[in-house]
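Residues in the sequence shown are numbered consecutively from 1094, following this note's numbering.
Since the structure comes first, as structure tokens, the remarks are kept for the end.
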Amino acid sequence: MTSQIAPPRSTGTPPTGYRLRWAGLAVILAAEIMDLLDTTIVGVASPAIRRDLGGSDAQIQWISAAYTLAFAVLLITGGRLGDLFGRKRLFTVGAAGFTLASVLCAAAPGAGTLIAARTVQGLFAALLIPQGLGIIKEMFPPKEMGAAFGLFGPVLGLSSVLGPTLGGYLTDADWFGLGWRTVFLINLPVGLLTVLAATRILPADRRTRAAGTARLDPVGVVVLSLAVLLLVYPLVQGRELDWPLWTFVAMAASLPTLWLFTLHQRHVLRRGGTPLIEPSLFGKRAFVSALATGLVFFAALSGLMLVFTLYLQIGLGWTPLHAGLSMIPLSIGVVGGAVLSGAALAPKHGRRVLHAGMVVAAVGALGLWASVEHWGAGLTSWGLIPALAVAGFGLGLIMAPFFDIALAGVEEEETGSAAGVLNAQQQLGGSIGVALLGTAFFGWAGTDGFQHAAGRTYGLTAALLAAAFAVAFLLPRQARPEGEGH
């Protein structure tokens, strides 16, 4: 018997959707682009930053890690704030703060100042990014939800290529003698346009049941932030530090800290307060299953991207610009898969499209393994095109059904909390993938060389995608009952 979940309760959005919904989606995607660029663009500029500002190896690593960590720690809180005080308001504040922090990054006189500014950037990103999924759910009718979520795939694919490529170009171009500082200043025009467009285009905030008694739980924020910090910090830094004992102790300590958070949330509910995470979310099969599926999938995705760029630059000696341009077939594949999935396949076939995407992406990862082993040191960008295009097409197929199923049964007052948890899960999955596949890659490289290490790690990526394929059977077959929205 087909497993299905109940459609979301009406939130006041007209059956035809918000009038400016596609323009609103463009605003949200612009914010996503800023965030995704900032997670990839800085690594390329790191050598130039070190030459200019100095700093230790640890400080250079923290220029990237500070953003990731601050973002991950406060994502759930940021999503909940959107529930309580308005998603458009938090989106606008987050975009404005992110833009200002980007300017502070560009003006940093030293490595310590830059790390502090990157931390502020991550904090405002945690206010900005979780609001997007909730606003999309407000703006679009069910029949267009898959198409809207399907556009996240092209954005992810294009940004993953644009980040390293743009970072390498801007650093080398040295516009106005600014050098690496332009990788942060590029956010200024995008951020200002996003803030302006958000105020004019996004739908006005509606008062929800949660907002009626709006109170943020400060103790919950502290305990949950500590639990995430104990888990994510070792994952971010462990590989560079060769996994000292304290990294495992910290990760183990995150579990009892999460348990304490759970006890506190129950206490908040008993006294009639507003919990940081809506407990009702974890009674929704689609949402819980999506968390498990996404954790494995995003681990595979992030690990694959890391090992691919590491092998091309360290193993083959390619420049960052060369490596970035070589990823264009992956992006084209992602765009094609996402458009086809969102516009036609996902609304009709649901989970089967997600399963198909995982199979195709795994075939692409195995194709990368075969390409590396076949060509060896003679590998060229042309030799990578078939496997990258196949992997990208598979990844693109996954995006629309994943988000559509995960959020379809979430109520209005739960949406911000759900979006924060989903985004935090992506960050956690990405950190796990980078730690797992990065460690495996460098471990194999030390004994068997970079070529065999890259191939085996692509095989490990395919194994993770196979695991995600199995976990995805827990998801409902459709985001909503057949016939709704068709």
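C-beta: ideal position from N, C-alpha, C; glycine also.
| Item | Value |
| --- | --- |
| Going along the chain, which unbroken runs of the alpha helix (DSSP H) with 4 or more residues stay wholly within the stretch 1111-1174? | 1114-1146 |
| Going along the chain, which unbroken runs of the beta strand (DSSP E) with 3 or more residues stay wholly within the stretch 1324-1398? | none |
| Just checking my contact of residue 1064 with residue 1135 at CB under 8 angstroms: how many whole Å lie between their CB atoms? | In the structure as shown, the chain begins at 1094 and stops at 1579. Residue 1064 is therefore absent and cannot be evaluated. |
| Please list, in chain order, all residues of the same chain as residue 1483 whose beta carbon is under 7 angstroms from its beta carbon, the five residues on each side excluded. | 1426, 1453, 1456, 1457, 1460 |
| Count the other C-beta atoms from every protein chain shown that fall within 10 angstroms of the C-beta of residue 1315, then say buried if there are 16 or more, exposed otherwise. | exposed |
| Taking the alpha carbon of residue 1153 as the point to measure from, which residue in 1312, 1297, 1138 has its own alpha carbon closest? | 1138 |
| Near residue 1175, what residues of its chain come up, given a Cβ to Cβ distance below 7 angstroms and the 5 sequence neighbours on each side ignored? | 1183, 1223, 1224, 1227, 1509 |
| Does the CB of residue 1468 have a neighbour CB from chain B at under 7 angstroms? | Looking at the structure shown, chain B is missing, and only one protein chain is on hand. |
| Who are the Cβ neighbours of residue 1503 in its own chain at under 8 angstroms, not counting the five residues just before and after it? | 1101, 1230, 1374, 1377, 1380, 1511 |
| Indicate the three-state DSSP secondary structure (helix, strand or coil) for residue 1565 in the structure shown. | helix |
| Is it the case that the Cβ atoms of residue 1350 and residue 1319 are separated by a distance below 7 angstroms? | yes |
| What residue range is occupied by the uninterrupted alpha helix (DSSP H) comprising residue 1535? | 1508-1541 |
| Taking Cβ to Cβ, would you say residue 1507 is nearer than 7 angstroms to residue 1371? | yes |
| Of the residues 1279, 1185, 1394, which one's Cα is nearest the Cα of residue 1293? | 1185 |
| Whole angstroms are fine: how far does the CA of residue 1203 sit from the CA of residue 1114? | 43 angstroms |
| Give every residue of the same chain whose Cβ lies closer than 6 angstroms to the Cβ of residue 1584, excluding the five residues on either side of it in the sequence, and list them in chain order. | Not covered by the structure: residue 1584. The range shown for the chain is 1094 to 1579. |
| So, is residue 1270 buried or exposed, given that buried needs 16 or more other C-beta atoms within 10 angstroms? | exposed |
| Is the stretch 1511-1525 in contact with the stretch 1411-1424, if contact means three or more CB pairs nearer than 8 angstroms? | no |
| Within the same chain, show all residues whose beta-carbon is closer than 7 angstroms to that of residue 1414, passing over the 5 residues directly before and after it, in chain order. | 1258, 1261, 1262 |
| Answer yes or no: do residue 1411 and residue 1403 have a C-beta to C-beta separation smaller than 7 angstroms? | no |
| Does the stretch 1352-1361 come within contact of the stretch 1535-1544, defined as at least 3 CB pairs closer than 8 angstroms? | no |
| Taking DSSP as the reference, what is the three-state secondary structure of residue 1208? | helix |
| Can you check whether the CB of residue 1446 is closer than 7 angstroms to the CB of residue 1494? | yes |
| For a quick check, are the C-beta atoms of residue 1466 and residue 1548 less than 7 angstroms apart? | yes |
| Could you say which of 1144, 1561, 1141 lies nearest to residue 1384 if we only look at CA atoms? | 1561 |
| Considering Cα atoms alone, identify which of 1398, 1387, 1474, 1435 is closest to residue 1564. | 1387 |
| Excluding the five sequence neighbours on either side, which residues of its own chain have a C-beta within less than 7 angstroms of the C-beta of residue 1529, listed in chain order? | 1392, 1396 |
| When we look at the beta-carbon of residue 1368 and count the other beta-carbons within 10 Å, is it buried (16 or more) or exposed? | buried |
| Taking 7 angstroms as the threshold (C-beta atoms), are residue 1517 and residue 1329 in contact? | no |
| Alpha helix (DSSP H) containing residue 1298: first to last residue? | Counting along the chain, residue 1298 falls outside any alpha helix (DSSP H), and DSSP gives it neither H nor E. |
| For residue 1312, does the count of other Cβ atoms within 10 angstroms reach 16, so buried, or fall short, so exposed? | exposed |
| Specify the secondary structure class of residue 1411 as computed by DSSP and reduced to three states. | coil |
| Tell me, to the nearest whole angstrom, how far the beta carbon of residue 1187 is from that of residue 1220; I am working on the premise that it is less than 8 angstroms. | 4 angstroms |
| Might you give, ordered along the chain, the residues of its own chain that have their beta carbon closer than 6 angstroms to the beta carbon of residue 1166, omitting 5 neighbours on each side? | 1318, 1321, 1322 |
| Residue 1444 lies in the alpha helix (DSSP H); which residues open and close that run? | 1444-1468 |
| Mind checking which residues open and close the alpha helix (DSSP H) that includes residue 1241? | 1235-1243 |
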